[in-house]
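Now the structure itself:
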C-alpha cells in the first residue's frame, strides 16, 4: 500500500511540474510575441531573428519535456499495474528482478 501512495504522490508531483513548465513557457512566449514591432534596422532585425529562434526552441523543448514526463508517467503506471490492487509484488516484477 505504501508503494501505491508513493506512486500517486510522484504522479501528482510530475503533473504539477508539467503544468508549471507549460505556464512558464507560455508566459515567456507571450512576452516575446507581444513585444511591439521594432524599427527597421540591422540591430532590430537581428533581435527579431533571435526572438523567433528562441520561440522555436521553446516549442521544441516543450515537446521534449512532455515526452520525458510522459515516459516517466507511463513507467509509474506500469509499476502500479504490476503491483496490483494489493500493492504486493506480482510474478512480472519477480521476472524483471531476476534478470
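In our numbering, the protein residues as written are 44 to 142.
We put the beta carbon where it would ideally sit given N, CA and C, even for glycine.
In this text, all values refer to a predicted model and were calculated from it rather than measured experimentally.
(request) Kindly list the residues whose CB is nearer than 7 Å to the CB of residue 119, restricted to its own chain and excluding five residues on each side of it in sequence; keep chain order. (result) Excluding sequence neighbours, residue 119 sits near 50, 53, 54.
(request) Identify whether residue 93 lies in helix, strand or coil by the three-state DSSP scheme. (result) Residue state, collapsed to three classes: helix.
(request) Determine, using beta carbons only, whether residue 116 and residue 76 come nearer to each other than 8 Å. (result) Not closer than 8 Å, so no.
(message) So, at 7 Å on beta carbons, what are the nonlocal neighbours of residue 71 in its own chain, with the 5 sequence-adjacent residues on each side left out?
(response) For residue 71, where only same-chain residues beyond five positions count, the Cβ hits under 7 Å are 101.
(request) Could you name the residues of the same chain whose beta carbon sits closer than 7 Å to that of residue 122, not counting the 5 residues immediately before and after it, in chain order? (result) Exclusion of the five residues before and after residue 122 leaves 50 as the residues of its chain whose Cβ lies within less than 7 Å of its Cβ.
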